[in-house]
Structures are given as C-alpha cells and as structure tokens.
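The working numbering numbers the first residue of the sequence shown as 37 and each following residue consecutively. These notes are about the structure you will find just below.
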Amino acid sequence: MKESAANGHPTDERGADDQEATVQKTSLLALSRRSRRAEERRADEQSSHPESDVETAEFAAATSDAGNADTSEEAEMSEGAAKRGGFKHWRRQRPFIGGVLAVIGGIELFFSGQLDLGNIQIQFGIEGLQATVLPIVIVVLALLTIFKPTHHVFYGIIALVLAVYSLIGVNLGGFIIGMLLSTIGAILMIAWMGPREEGSG
C-alpha cells in the first residue's frame, strides 16, 4: 500500500499538470477562433460598407483642412495685430493727429478756391497764385511734421500763420472750415511733447 500510495501521488500531480495544459490549449484555441471571427466580421463589414471608409477618409481630410485653415487664420490675425501694433508705435512717435487735421484743412482750402458753378467761379480772395499755393504749402508742412517730427515747432508755426492768413487769402479760409481745421492741426503740431513711451497710454 505504501508503494501504491507513493506511486499514486505522483500520478495525481501528473494528471493535474496534464489537465492544466489541456485547459490552456483549449483557451488559446478559443481565443484564436474568436480573433479570426472578429477579423472576418470586420472584413465583411468593410467590404459591404465601402462608403464608411470613404466618409472617414473625407472626415479626416476635412478635419486636417480645418486645422490648417485655423492655423493660417491665426497666423494672419497675428500678422494683422503686429501691423496694427507697428502703426500704433509709429503714430506715437510723431504729432500724427495734428498733421492729419492740417492736411485735411489744406485740402479743403484748396478745393474751396477752385469752385466753379457753371459760368460762375467763386473766388473771394486774391485770384491766382495765393489760392493755390497756400493750401499746398500747409499740406506740405503737415506732411513734413508727420514724417520729420524733429522740427515740428518750426513747421507748426509756419502752418499756423498760413492758416490764419487764409481767412483773407483763400475764400474766407475755405468758408472758415479749412481755416479752423488747419489752425487746430498747426496748434497740435506745435504743442506736441515728443515721443511717448510704450507703457504710457
């Protein structure tokens, strides 16, 4: 009995090992069969619905195009913001508003001296040279002040004198409107306090 018990114990262990090996083999076979079936189903679905692949490809292409469009729009917006910031910095370094007002006043003075209503030509000031030269000189002085702001006081004083003189020289100062615009612009050109720092509003 001892021999049989001794012989029986190892046989039980061997049987348990054999059973575990067979269970593992069957589970591996079942898993491989399931994976094959899943692959076959996917292949059948793809062959029966090719539109879905096309749609997914189109969707992927559309999303990539949308992403590219978004990045290009962001790049354009950043370029526009940089340009606006550059212009703002450039404008702060010169008497820009005064120069623009003087330019507008000079243009108005020029066209008020060139009025022609049919057979009637309206000209209250001294005819000819003065009605043409005064507005042009005011515009040139305003542009010089904008692009060469170091001599803004000199240009502004001359523009102010010419703007006041246009009251008697060019159709009552361009019917007073051109004279007022040029005078205000010249005063702002003279009163400009120099370039402003970036931090100052």
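For glycine and all other residues, C-beta sits at the position ideal for the given N, C-alpha and C.
What would DSSP say about Ser88, mapped onto helix, strand or coil? Because Ser88 carries a pLDDT of 49, less than 50, the predicted location of this residue cannot be relied on, and the following value inherits that uncertainty. Residue state, collapsed to three classes: helix.
By Cβ distance below 7 Å, which residues in the same chain neighbour Ile194 in space, the five residues on each side in sequence not counted? Leu177.
Tell me which same chain residues have a C-beta within less than 8 Å of the C-beta of Arg69, skipping the five on either side of it? none
Are the stretch 184 to 191 and the stretch 209 to 217 touching by the rule of at least three beta carbon pairs closer than 8 Å? no
Measure the C-alpha to C-alpha separation of Ala117 and Ile220 and round it to an integer number of angstroms. 31 Å
Taking just the CA atoms, how far does Gly121 sit from Leu217? 28 Å
What does the alpha-carbon distance come out to for the pair Val197 and Trp126? Looking at the two C-alpha atoms, the distance is approximately 28 Å.
Roughly how many whole angstroms lie between the Cα atoms of Ile143 and Ser114? 36 Å
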